[in-house]
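If you're matching them up, the sequences are chains V and R in order. Just so we're aligned: the first sequence equals residues 777 to 1324 in the numbering used here. Just so we're aligned: the second sequence equals residues 476 to 963 in the numbering used here. Using N, Cα and C, we set each Cβ at its ideal position, and we do this for glycine too. Worksheet: one structure, shown below.
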Amino acid sequence: MSWIPIAMLAVPLLGAAALLLPRFAGGPSHRYGLAVSGVTLALAVVLVAAFDYGDAARTQFATDLPWIPGLALRFHLGVDGVSLPLVVLTALLTFLCFVHLAGRPPHRPRALVFTLLVLETGIIGTFLALDLLLFFVFFEVVLVPMYFVIAIWGGPGRRAAAVKFILYTLLGSAVLLLGLLVVWAQAGTLDMVALARGGGAGIARSAQIAAFLAIGVGLAVKAPMWPLHTWLPDAHTEAPTVGSVLLAGVLLKMGTYGFARIAIPILPEGAAAVAPWLGALAVVGIVYGSLACLAQRDLKRMIAYSSVGHMGFVLLGFATLTPVGVNAALFGNVAHGLITGLLFFLAGAVKDRYGTADMERLGGGMLRRLPYIGSLLTFACVASLGLPGLAGFWGEMLALFGAFRPAAALSRPLFLVFMAIGGLGTVLTAAYFLRMLSRVTHGSPAVPEGPPVTSAEEIREILGDEGPVEPVAAGTAVTAAVAEESAAVLAPPAEPVGGRAALRDVTAYELAAWVPLVVLTLLFGLWPKSLLAITTPAVQAILSGVGS
Amino acid sequence: MIQSIDYVAIGAPLALASAAGLVLLLDVFLPRRTPGALGLVALAGVLVAGGLVAAQAAGGGERRTFCVPASGAGPGDGCSFVVDGFTLVLSGLVLGAGVVVVLLSMTELAERRIPPGEWYFLLLCALTGAVLLPAARDLATLVVALELVSLPVFALTALKRYDGRASEAALKLFLVSVVSTAVMLFGVSLLYGLTGTLHLDRLSAALSAVPGASGVVAVAVVLVLAGFAFKVAAVPFHFWAGDVYQGAPVPVAALLSVVSKAAGFAGLILILTTGLREQAALWGPVIAVVSALTMTAGNVLALRQRAALRLLAWSSVAQSGYILAPLAVVGGNAFAASVAYLVIYAAMNLGAFAVVMPVSRTAARNELDDYRGLASRRPVAAVALAFFLVCLAGLPPGLAGLFAKVVVFRQIVEGGLGWLAVVMAVNTVIGLYYYISWTARLFAPAPSGPGRVPAAPMPVSASVAVGLAVLVTLAFSVAPQLVLSASG
């Protein structure tokens, strides 16, 4: 029994529970959230420091206690090379979200801090769980908090987006549960470690395929895989910045992590049978996501669709069933979490300042108006399109490389076609990001006077939650609020061109939230081995049953 | 022949029946008609009965009484009243629910528009029947106990005489229930005619010994099933639920949705798994189809409801479908999953009713929109209701509901009823829609405008009821093993 994984779950959970006490009513909750998630992050750092890298395939820091004997459910936690990066990523992104909130206190802060902490518990639990049903329980924990994050703090279309999100993902998890129960009925145990070691022993081929399909569909909704992705653009677009960051950064990873942890190692025969379909849908997702991005006007919506494409690369990596491909998938997971997290932070910052994320209305010339944010946006986009030397590159490159030489059981010509289409997808990805950059960051600013604010929700986001907002006076009120806070500006605002209203550039809080992501993107881009060294031994263990 | 009676075994129903009589007497002789005092007497009666059940559970073992020794009539010892694990779990459920219903009644009767003596007498009678029923092991006792649950409920529904909707609900309930009893009695009489025995343990063997009567057996089985389908509000006999829940006083609706339903399921499980065990091939597919239809109809009907009680009515129909599902798995210990689900469902559903009760007193129509902003007016009640609704939907943090669903799913998947599992999975998603939209209303900003009165303080009895339900549901969430080991 090891205390660190338990503490990583207990700290956010108890932190959230403590918020229910009456003494927190109206208190400075964001600072409290910062402290709790900071402690969790510190625990994650301890985990990283204490992890035995020489034996990354083995489950470390294991805890195995009986919980519900009637369901054979055990409270079984542990960390290995597959889950460690994701656990740390979750703790980091949640902490950064609280840093972001500290700079921009939301309305109903206590409720938001509560929800985010429960969300963190659920995500970390999903990555730590080593019992099929425990995994499922944590998988479900995130649904209700994320629903509320979208439904309460979201944009104008938040209610429909939140309902769509929760219904869609619950349908996925119900199917997932059926698949897990089939595994249980066939294999007679819920212990993921034992099941993975068995490599599908004792499960008939037909049952493996059925279970893989059910589990795969459940995970694919979350990942999301084309054509099950339709909940994602709405949810990401309507969610508040922190919601989008956590959704894209770590929530989607729960789906892809499930492939690495459950579907492939436990059901190798099913995986081999379904992999061509998985690969096909993945490349369709890559191309579809890129083409959809080209058609978007809204910055957040475009980033959301870009996630469909990037997760397509991750799924393609899994579909190859090779060490290279699965490594690529795990690497792509982390890279996407870092880069897309950063992109959503930036999109939120842009939306806060301009009052809109519509690319037409943003005009151009962001590099002149907001040099820091503009250049960070450029950096994040370039990282996301897979420039060599940045984290986004390795996941995509290795996934295509894996498709070049798929597992022996798979048809090589088919995967060569997938590789070619995936390669086309990388070109398209570059195309839409560059097109976006040329429209938004370059050129000369052509923005109307004052921030064009479109709806009461957006004004409320800027002004805080006090009293009714009158649409007529809103523009001026926002400008005043922005001017008031300009004392806190870190960098001097861009020289107003032609007498246009000045927007404040990056603030200290924002910089604090973004710099870690930039640094890690650079680190993993320049030194990919730092991450691959952790995942490689674990990947070999995952694929031991596939016989590649 | 003089039978010896094991008074310990029949202690719980006896205590309830005595309390019922005592309430009626006190109502006549107490100088001032104080609803509070009578409520406390009723509560004490339920608690004493609960204590007896707990003592029996702690003592362990099985108690049998009212036995007709075997005289060549077949196997089995022919006891009409058996207290075993199944009996104790369901009696415990009924009595626990009884405590909550009595507490809610105190709130309801505080308005002094309903005669308290009659109310508590009828309530205790219904509880007596519900405690008797899971112990019944012959068809006659079963039918009598079931009627003892049903008959007082019509009167309870109608006691809200000043409300036309209550009278309508009572009449509807009465007609439906009487028809269902008639149908069931017909089926029972066929079974008796075929076999010549009423004892469940002898019925099974006797039925398979009847030569060439499979057609009659099938008719009898279907008729008995139809009778119970009325009681648990299963399709196609579900249509009464909406109007009756809406018209009846809230505590009676709670009673109907939990106690009466538990009694119906207890009888159904007893007949199916004991009396008609050998005919499983006959009723298994029927139950599976009825279960699928029930959950689908309940959920779809609940989607469009705007009134809280109607929504709860259809949601409880849907939940009946989930409880029925494991029964369709023939053989093994599948009914344990139904019992486990029933127990957890009772806790969370009663909790929802306990919060709805005080709201129904400030908002006459009790529509879902009346719950808008409840979180700012009554934060504790709102959080409790949200918890119960999420439990009913089967999502964390409502772990009790999640585990209950997992238990049922497991039983269906292991039993090889894949299609039913898929239907139930889809239904879970449909159900989530209305539960979550109600939950979201609780936390939405309160509507501003005139006519909004500040919330009255929660009545003490209702608060205790809510607290009790929260504690039990939380306990089931953290340690569902409590239920699983008891029902297994």
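Any chain R beta carbon closer than 8 angstroms to V:I928
Yes, V:I928 lies at the interface with chain R (some Cβ there is under 8 angstroms from its Cβ).
Are the beta-carbon atoms of R:V694 and R:G759 separated by less than 8 angstroms?
no
Does the segment 776–787 of chain R come close enough to the segment 536–544 of chain R to have 3 or more Cβ pairs within less than 8 angstroms?
no
Within the segment 792–864 of chain V, note down every full alpha helix (DSSP H) run reaching 4 residues or more, in order along the chain.
805–826
Identify which residue in R:A839, R:L895, R:W715, R:S625 has its Cα closest to the Cα of R:L598.
Of R:A839, R:L895, R:W715, R:S625, the residue nearest in Cα terms is R:S625.
Ends of the alpha helix (DSSP H) at R:S960?
956–962
State yes or no: is the beta carbon of V:G1198 nearer than 8 angstroms to at least one beta carbon in chain R?
no
From the DSSP output, in three-state form, read off R:F714 for me.
coil
Would you list the one or two residues that DSSP bridges to V:A905?
V:L853
Going by C-alpha to C-alpha distance, which of R:V831, R:Y909, R:L505, R:L877 sits closest to R:A857?
R:V831
Please confirm whether V:E916 has its beta-carbon closer than 8 angstroms to some beta-carbon of chain R.
Closer than 8 angstroms to some Cβ of chain R, the Cβ of V:E916 qualifies, so yes.
What's the C-alpha gap between V:W1290 and R:S952?
39 angstroms
R:L877: contacting residues in chain A (beta-carbon distance under 9 angstroms)
Protein chains in the displayed structure are V and R, and chain A is not among them.
For R:R640, report the span of its beta strand (DSSP E) as first-last.
Looking at the DSSP string, R:R640 is not in any beta strand (DSSP E); the run it does join, the alpha helix (DSSP H), is 639–670.
Closest Cα partner of V:A1175 within the set V:P1147, V:A1058, V:L1023, V:I782
Of the candidates V:P1147, V:A1058, V:L1023, V:I782, the one whose C-alpha sits nearest the C-alpha of V:A1175 is V:A1058.
Helix, strand or coil at V:H1112 [DSSP, three-state]
helix
Rounded Cβ spacing between R:L943 and R:V574 (contact assumed at less than 8 angstroms):
With a Cβ gap of about 7 angstroms, R:L943 and R:V574 count as contacting.
Work out the CA separation of R:L700 and R:L802 for me, nearest whole Å.
12 angstroms
Within 8 angstroms (strictly less), CB to CB, does V:I942 reach chain R?
yes
Environment of V:F1120 [buried if 16+ CB atoms lie within 10 Å]:
buried
Does the separation of the CB atoms of V:L947 and V:V913 fall below 8 angstroms?
no
Establish whether the CB of R:L518 and some CB of chain V are separated by less than 8 angstroms.
no
Spatially closest choice to R:S936 from R:S580, R:G662, R:G592, by CA coordinates:
R:S580
Would you be able to state if there are at least three C-beta pairs under 8 angstroms between the segment 909–925 of chain V and the segment 973–989 of chain V?
no
Suppose the cutoff is 7 angstroms on Cβ atoms and the five residues either side in sequence are ignored; what does the same chain contact list for V:L1307 look like?
P861, F1107, V1110, F1300
Say whether chain R places a C-beta atom closer than 8 angstroms to the C-beta of V:G846.
yes
Taking R:G571 as the reference, which of R:F561, R:G526, R:L607, R:G560 has the closest Cα?
R:G526
Considering Cα atoms alone, identify which of V:V864, V:V1102, V:A1309, V:F800 is closest to V:L817.
Closest by alpha carbon: V:V864.
Among residues of its own chain, excluding the 5 on either side of V:F1177, which ones have a beta-carbon nearer than 6 angstroms to its beta-carbon?
Non-local beta-carbon contacts of V:F1177 in its own chain, meaning distances under 6 angstroms to residues more than five positions away in sequence, involve V1100 in chain order.
To the nearest angstrom, how far is it from the Cα of V:C873 to the Cα of V:V1282?
Each residue's alpha carbon lies about 16 angstroms from the other.
Which residues in chain V have a C-beta closer than 9 angstroms to the C-beta of R:S766? List them in chain order.
Neighbours of R:S766 on chain V: none; closest Cβ ~16 angstroms, over 9 angstroms.
Contact criterion: CB-CB distance below 8 angstroms. Does V:D967 meet it with respect to chain R?
no
Between V:L785 and chain R, is there a C-beta pair that is closer than 8 angstroms?
Closer than 8 angstroms: no.
What does R:F918 reach in chain V if we use C-beta pairs closer than 8 angstroms?
A887, F924, I928
Buried versus exposed call for R:L959 [16 or more other C-beta atoms within 10 Å across all chains shown]:
Looking at its Cβ environment, which holds 16 or more other Cβ atoms inside 10 Å, R:L959 is buried.
Along the segment 948–962 of chain R, what residues have a CB closer than 7 angstroms to any CB found in chain V?
P955, Q956, L959, S960
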